[in-house]
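Visitor: I have a structure I would like to understand better, so I am pasting it below and will then ask my questions one at a time.
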Amino acid sequence: MDFRLSFGVLLMVFLCHMTSALEVPLDPKVLEGLPQPPTITLQSPKDYIFDPRENIVIHCEAKGKPHPSFSWTRNGTHFDVEKDPKVLMKPGSGTLVIDISGEKAEAYEGTYQCTAHNDHGTAVSNNIVIRQSRSPLWSKERIEAITVQMGVSLVLQCRPPAGLPPPVIFWMDNNFQRLPLDRRVSQALNGDLYFSNVLSEDTRNDYICYARFPHTQTIQQKQPISVTVLEMDTMNETVASLYNITKFSANPAGEYRPGFMTPLGDTSTEMVLRGETLELECIAEGLPTPEMSWQKDGGELPTSRVSFLNYKKTVKISDVSEADAGDYTCTATNRLGTVDHVIKVTVKAAPFWISAPRNLILAPNETGILTCRVNGDPKPEIRWFINGVPLENAPEDHTRKVDDDTVILSNVQSGSSAVYQCNASNEFGYLIANAFVSVLAEPPRVLTPPNQVYQVITNSPALLHCATFGSPIPTITWFKDSKISIKSGDSYVIHENGTLEINVAQSQNSGKYTCIATNNLGIKENHVFLEVKEPTRILKQPEYKVVQRGMSAIFECKVKHDPSLIPTMTWLKNNGKLPDDERCSTLTVWPKRKYELKSSCLPFARFEVDADSLTIKDVTDEDEGTYTCIMSTTLDRDSASAMLTVVEATPTPAIVYEKPDPPTDLELTDQTERSVRLTWIPGDEHNSPTQKFLIQFEDLLHQPNVWVNFTEVPGMSTTAHLDLSPYVYYSFRVLAKNQVGYSQPSQASRQYRTNPAAPDDNPSHVQGEGTEPGNLVISWRSLTGLQSNGPGLEYKVQWRQKDVDQEWSSRTVANASQLVVSGTPVFAPYEIKVQSLNDYGNGPEAEVIIGYSGEDLPLSAPDGVLVMVHNSTVAEVHWEPVSSHSIRGKLKGYKVYYRRERGLHEAEEEADQESQDQVLTFNGNLTEGHLPGLQPYSLYNLFIRVLNSKGEGPPSPDKQFETPEGVPGPPSFLQVNPGLDSLTLEWGPPLNNNGRLIGYTLRYQPANATIETGLVKIMDFPVNETTVTLDSLNSSVQYKFDLNAKTIKGAGPSITKEASTFMETSPTDPTTPITQSPPLHKAVPSRHVDIATQGWFIGLMCAIALLILVLLIVCFIKRNKGGKYPVKEKEEAHQDPEIQPMKEDDGTFGEYSDTEDHKPLKGSRTPSNGTVRRDESDDSLVDYGEGGDGQFNEDGSFIGQYSGKKEKDTHEGNESSEAPSPVNAMNSFV
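Mapped onto the working numbering, the consecutive letters of the sequence shown carry residue numbers 8 to 1237.
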């Protein structure tokens, strides 16, 4: 006991001298040179169920300076990753990738723990239990057909195989249609199908229970169950025995009282863990079908967390707390009776954080404290570790004191940096938290950019920042104009973070400010500048206009602004833009009132914007409305509005419409304590009937010389009954209104005073809302003098915490509209009442409203973040909602931060440094959302924060995901260089590959309508080929080219060009540069000439036709003569085995000349050895003979002279490729 007391005293001494924890800024320039112990940034969940068809990925990421190294334990012993070829540790990371293909996955089940180590300490991860998902087969069983009596209850058991995780159960028929569920037929939580009473329509032979196993996405079914329902009105027990009826009632057609089918008995028990979901189920039998109801003994069900399912047979309570323990009664009722069942619920709790230990950065000789505050049921046991070693096994350190959940480090020294672990556990779970203690000695650094200029408007607050870093924490002092030392006072506030706040900035506050950061290692200063600007004000506002149709309306708007700011004038109509097609000009206002009008007026523009006016020409009925001028600068704005009314043009002669004359002879009659009657005589209407009368009053006691609208009466009335308030000195006046406007006010009536009384009303708009943790601001709208009803107006403010047994706290205030209550818990509900009172008594009993004390930032981050990638541009993110107690305020929603790290085809060092975080806010208690606009084939990083009115909570562990490949973007460019009969194309790869490029596809075709052949030609190219030359194109023809890139996902959008070859008939001057054809979608001057209309072309065609006719005649004459071809004689004379070429002039075979160049005819193919081979498809006369001795008759058949013996083996290799003879061509036509 003495030791505990002395330690408590010592703890208080330490706390008094403890330095607050120094936070390391996120500035990379600061972090670059700072040593830092390891910090676990990403780890897999504690319970990891893997799919045996996929690799096991166990995440473990950490940061530190220097970068930490990683090691693993499995089942408490060292796991040598390098010795297992199936296990890979990612470079620079502790994440394990286990390839279980071809292996027994069970071999890798176990408990894993990751360790991150560097020179300054060791951090450890949670114990990650790795288990294989299982979907066992349904055990074989024989399903007996069931025959039941109509009206009795029935249970069809499912009994699915135990899977990991447990399967999802549902019942369907043979057609895969879900069986309908209702109040009578329901599925229990264990999957069994319950019938409170059976009907004849329940007879069917296909009741099938299905089990879906989530991880493996497999579905298994049980054997169908056959159920027959018999009506037993005319059957006795003998017949029932014959039918093997499994359930029989002595009164088959009768109704009966409810009874519980599950759970059995009068009472049952249920245990649930804190924070989990409690599910209670009661299913009853009975005829008619019973109605179910629930209640909690000694309390009400939590309406915000309770939901009833399965027609109230199941009650579900989410986010269970200790207050949810107790007795729950389910009641089944039909018209024959009622039955109850009591479920006794106990709530236990795995360890949960009250406050986890936080990282400490201490200077040498300073003192720090680590606290590990947890709770649970049973109470958790807390153990401390240092660098992963139990503290009791670590070397003794006299500067370290441990007391249960607290570690005190006093007089720390350089080199004593370490990572401490707090482990809190009970029988339901455990928590592990790492917190490093880094001992740094750093001189001050100023992180705010130097010479930063702050601009504010007069009478606005100004904030001058001085963000610093150093160890020990630097002391901040401020100076103005390098001379005047600034202290916190009425006009200045110096915040703990060094920011200087000027509550109400005035022109004399402008100038140079210097902040100086000092600690025992050095001093650093920084200069900033403050400029206090004059506000923007509209000096002359636009006025109400009544304009005749067809005339012009002018609204003036004259403005004053600070000469150093650039204002912009904007005009609105009915809070929207002026009509775009009728607006004349845009006004730009430059400093020193130098205006520049950039006119863009159309001939029919009716709206003209000038420097300080708006003119509307030729006014129409549609122009009626409210016109607003807005003058804006970078710091402030001012606005003013006026209405435009359009009336008919004045006829000739004009009828004069004027405002009415004011009423006269005001008289007060029927005077009572709270009412009076006012009468008057109307004035002249001036050709426009009076529409209404407006009655105003002046309160000479509370607001003299201020006239307030009281009421309106129709224009036909000349009297009004007025209800009055106590303690007011009334005077009345009346205004008349016609279509032109209001008259001048009448003369005031005589004064009428009412007596004081207690208030009739309490303050309105009462609300309670904390502005910071630990306070509650109760505010209200004060009563006006007219509502006070008497002197001595005060407000009695009462409050007490809701659902807490305590008395009302009370305070009476006067001349105030709010009250600040201090010392309140964070975001606790309060009952609030504000009652008015004066010297004549209290107002009515105040209404109780609910307010909440000040919020604080959320404590925890969402768990269970899961990203499902739908396609290459959209992903879906899921998360588990945080517990309500950790929100510590009104839940506003969740913010999802995600950014593109790099493309998957890029190396890690090529990561996108310029990529910005994208933020999506999902309002309310959503647990999922979509991330649109993702870039294909990229690596993304994601984390989530919960949001309340105070701000954002801590981020969830980073979650990385990858987007699949998509189609690429268009090629970056396509350039076409033309030639006479060829085009050369060059292109560049797409700017966005969106995957691995596999090649390019080119489509081209003539684009001129006069060319008959318009077929599309397609060419494919590999990814490394970016140029091609297209030969043998028609000259002077326009071609259209479409080029796109491809990935495995398909082709992307194409880039299109049109270009043409040069004209053959118009040689190009060598000095004239060849220009590329204009791009697509622009007018291209055509270089194509229609040759069909040229004289030379017509003459050439006639010559060719004549030549063909002559050849046909010659061929016909030769064939009729039957003359022999002198081929044989010529072959023997020349001793040449080759077939001689044919003379084209006489249609006979000419002699072969050895001196001729062995050049193939155009279109033939020449081998590399210089010889010309005959295509195997070419015909020779010898080939057509049978055995080589065929003959031609005189009508053209084979003859012996031609078919002389030929050594085929000798000459086959040297045969020449011949062009077809014109005679042979003609023979083919005959």
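Note that CB positions come from ideal geometry on N, CA and C, so glycine has one too.
Quick one: residues in its chain with C-beta nearer than 6 Å to the C-beta of residue 633, no 5 flanking neighbours on either side, listed in chain order?
Guide: Sequence index remark: in the sequence shown, residue 633 carries index 626 (1-based). Excluding positions up to five away in sequence, the list reads 581, 648, 650.
Visitor: When you compare the region 1050 to 1070 with the region 1007 to 1016, are there three or more beta-carbon pairs, one atom per stretch, that lie closer than 8 Å?
Guide: Touching, yes.
Visitor: Within the 9 Å Cβ cut-off, does residue 111 reach chain B?
Guide: Reference to chain B is not applicable here, since this structure consists of a single protein chain.
Visitor: For residue 1103, is the classification buried or exposed, using 16 other Cβ atoms within 10 angstroms of its Cβ as the cut-off for buried?
Guide: Residue mapping note: residue 1103 aligns to position 1096 of the sequence shown, counting from 1. Exposed, because fewer than 16 other Cβ atoms sit within 10 Å of the Cβ of residue 1103.
Visitor: Suppose the cutoff is 6 Å on Cβ atoms and the five residues either side in sequence are ignored; what does the same chain contact list for residue 418 look like?
Guide: Residue 418 sits at position 411 when you count from the first residue of the sequence shown. Closer than 6 Å at the Cβ level, and outside the excluded window around residue 418, lie 372, 406.
Visitor: Pull up the CB-CB distance for residue 782 and residue 829, whole angstroms please, since I reckon it's below 8 Å.
Guide: Residue numbering aside, residue 782 sits at position 775 when the sequence shown is read from its first letter. Residue numbering aside, residue 829 sits at position 822 when the sequence shown is read from its first letter. Going by Cβ atoms, the distance from residue 782 to residue 829 rounds to 5 Å, so yes, they are a contact pair.
Visitor: Label residue 551 either buried or exposed according to how many other C-beta atoms from any shown protein chain fall within 10 Å of its C-beta, with 16 as the threshold for buried.
Guide: Numbered from 1 along the sequence shown, position 544 holds the residue referred to as residue 551. Looking at its Cβ environment, which holds fewer than 16 other Cβ atoms inside 10 Å, residue 551 is exposed.
Visitor: How should residue 281 be labelled, buried or exposed, when 16 other C-beta atoms within 10 angstroms of its C-beta is the threshold for buried?
Guide: Here residue 281 corresponds to residue number 274 of the sequence shown, with the count starting at 1. Counting Cβ neighbours within 10 Å, residue 281 comes out buried, since at least 16 surround it.
Visitor: How about the region 673 to 692 and the region 710 to 726: do they share at least three Cβ pairs that are nearer than 8 Å?
Guide: Contact between the region 673 to 692 and the region 710 to 726 is present, because at least three Cβ pairs lie under 8 Å.
Visitor: With 16 other CB atoms within 10 Å as the buried threshold, where does residue 625 fall?
Guide: Counting from 1 along the sequence shown, the entry for residue 625 is found at position 618. Classification for residue 625: exposed.
Visitor: Residue 537 by DSSP, collapsed to three states: which one?
Guide: Stepping through the sequence shown from its first residue, residue 537 is reached at position 530. Reduced to three states, the DSSP call for residue 537 is strand.
Visitor: Measure the C-alpha to C-alpha separation of residue 951 and residue 278 and round it to an integer number of angstroms.
Guide: Start at 1 with the first residue of the sequence shown, and residue 951 comes out as number 944. Start at 1 with the first residue of the sequence shown, and residue 278 comes out as number 271. In a straight line, the C-alpha of residue 951 is about 32 Å away from that of residue 278.
Visitor: Give every residue of the same chain whose Cβ lies closer than 6 Å to the Cβ of residue 892, excluding the five residues on either side of it in the sequence, and list them in chain order.
Guide: On the sequence shown, position 885 is the one that residue 892 refers to. Once the five neighbours on either side are set aside, residue 892 has no close Cβ partner at all.
Visitor: Can you give me the C-alpha to C-alpha distance between residue 992 and residue 1043, rounded to a whole angstrom?
Guide: To locate residue 992, count along the sequence shown from 1; it is residue 985. To locate residue 1043, count along the sequence shown from 1; it is residue 1036. Straight-line Cα distance between these residues: approximately 17 Å.
Visitor: Of the residues 185, 629, 844, which one's Cα is nearest the Cα of residue 853?
Guide: Residue 853 sits at position 846 when you count from the first residue of the sequence shown. The candidate whose alpha carbon is nearest that of residue 853 is 844.
Visitor: Does the Cβ of residue 1123 have 16 or more other Cβ atoms within 10 Å, making it buried, or fewer, making it exposed?
Guide: In the sequence shown, counting from the first residue as 1, residue 1123 sits at position 1116. Looking at its Cβ environment, which holds fewer than 16 other Cβ atoms inside 10 Å, residue 1123 is exposed.
Visitor: Beta-carbon within less than 6 Å of residue 646's beta-carbon, same chain only, minus the 5 sequence neighbours each way: which residues are those?
Guide: Numbered from 1 along the sequence shown, position 639 holds the residue referred to as residue 646. So the qualifying residues of the chain are 635, 637.
Visitor: So which of 849, 996, 336, 860 has the shortest CA-CA distance to residue 980?
Guide: For the purposes of this step, residue 980 is taken as the residue at position 973 of the sequence shown. Taking only the C-alpha atoms, the option nearest residue 980 is 996.
Visitor: With 16 as the cutoff for other CB atoms within 10 Å, does residue 321 come out buried or exposed?
Guide: The residue given as residue 321 occupies position 314 in the sequence shown. It is buried - the Cβ of residue 321 has at least 16 other Cβ atoms within 10 Å.
Visitor: Residues in the same chain with beta-carbon distance under 7 Å from residue 370, minus the five sequence neighbours each way, listed in chain order, please.
Guide: Translated into the one-based positions of the sequence shown, residue 370 becomes position 363. Contacts found: 447, 448, 478, 479.
Visitor: Can you give me the C-alpha to C-alpha distance between residue 850 and residue 804, rounded to a whole angstrom?
Guide: In the sequence shown, counting from the first residue as 1, residue 850 sits at position 843. In the sequence shown, counting from the first residue as 1, residue 804 sits at position 797. Rounded to whole angstroms, residue 850 to residue 804 spans 13 Å at the Cα level.
Visitor: Compare the Cα-Cα distances from residue 118 to each of 135, 487, 109 and report the closest residue.
Guide: Position 111 of the sequence shown, counting from 1, holds the residue named residue 118. With distances taken between Cα atoms, residue 118 lies closest to 135.
Visitor: Let me know the secondary structure DSSP gives residue 115 once reduced to three states.
Guide: As a first step, residue 115 is located in the sequence shown; it is residue number 108 there, counting from the start. The answer is helix: DSSP assigns residue 115 an H, G or I state.
Visitor: Could you give the DSSP three-state label for residue 713: helix, strand or coil?
Guide: To locate residue 713, count along the sequence shown from 1; it is residue 706. Residue 713: strand per DSSP, three-state reduction.
Visitor: Could you name the residues of the same chain whose beta carbon sits closer than 8 Å to that of residue 319, not counting the 5 residues immediately before and after it, in chain order?
Guide: One-based indexing of the sequence shown puts residue 319 at position 312. Excluding sequence neighbours, residue 319 sits near 298, 299, 300, 301.
Visitor: Can you give me the Cβ contacts of residue 1260 inside the same chain, cut-off strictly under 7 Å, excluding the 5 residues immediately before and after it?
Guide: This structure cannot speak to residue 1260, because the chain is shown only from 8 to 1237.
Visitor: Following the continuous beta strand (DSSP E) through residue 56, name the residue where it begins and the one where it ends.
Guide: Sequence index remark: in the sequence shown, residue 56 carries index 49 (1-based). Residues 54 to 57.
Visitor: Straight-line CA distance for residue 200 to residue 294?
Guide: Residue mapping note: residue 200 aligns to position 193 of the sequence shown, counting from 1. Residue mapping note: residue 294 aligns to position 287 of the sequence shown, counting from 1. If you take the alpha carbons of residue 200 and residue 294, they lie about 18 Å apart.
Visitor: Leaving out five residues before and five after residue 230 in sequence, what residues of the same chain have Cβ atoms less than 6 Å from its Cβ?
Guide: In the sequence shown, counting from the first residue as 1, residue 230 sits at position 223. Correct list, in chain order: 150.
Visitor: So the beta strand (DSSP E) residue 688 belongs to, where does it begin and stop?
Guide: Mapped onto the sequence shown, residue 688 falls at position 681. That run of the beta strand (DSSP E) goes 682 to 688.
Visitor: Would you kindly work out how many angstroms separate the C-alpha atoms of residue 345 and residue 336, rounded to a whole number?
Guide: Here residue 345 refers to the residue found at position 338 of the sequence shown. Here residue 336 refers to the residue found at position 329 of the sequence shown. Their Cα atoms are separated by approximately 12 Å.
Visitor: Strictly by DSSP, which residues pair up with residue 728?
Guide: Residue 728 sits at position 721 when you count from the first residue of the sequence shown. Residue 728 is bridged to 684.
Visitor: Considering only residues of the same chain and omitting the five flanking positions on each side of residue 174, which have a CB-CB separation below 7 Å?
Guide: As a working mapping, residue 174 is identified with position 167 in the sequence shown. The residues are 167, 218, 219, 220.
Visitor: Taking the CB atoms as reference points, tell me whether residue 999 and residue 942 lie closer together than 9 Å.
Guide: If you number the sequence shown from 1, residue 999 lands on position 992. If you number the sequence shown from 1, residue 942 lands on position 935. Yes.
Visitor: Need the endpoints of the beta strand (DSSP E) that residue 502 sits in, please.
Guide: For the purposes of this step, residue 502 is identified with residue 495 of the sequence shown, where counting begins at 1. Taken as a continuous stretch (DSSP letters only), residue 502 belongs to no beta strand (DSSP E), as it is neither H nor E.
Visitor: Would you mind stating whether residue 296 and residue 211 have Cβ atoms separated by less than 9 Å?
Guide: Reading the sequence shown from its first residue, position 289 is the one you call residue 296. Reading the sequence shown from its first residue, position 204 is the one you call residue 211. For residue 296 and residue 211, no; Cβs fall outside 9 Å.
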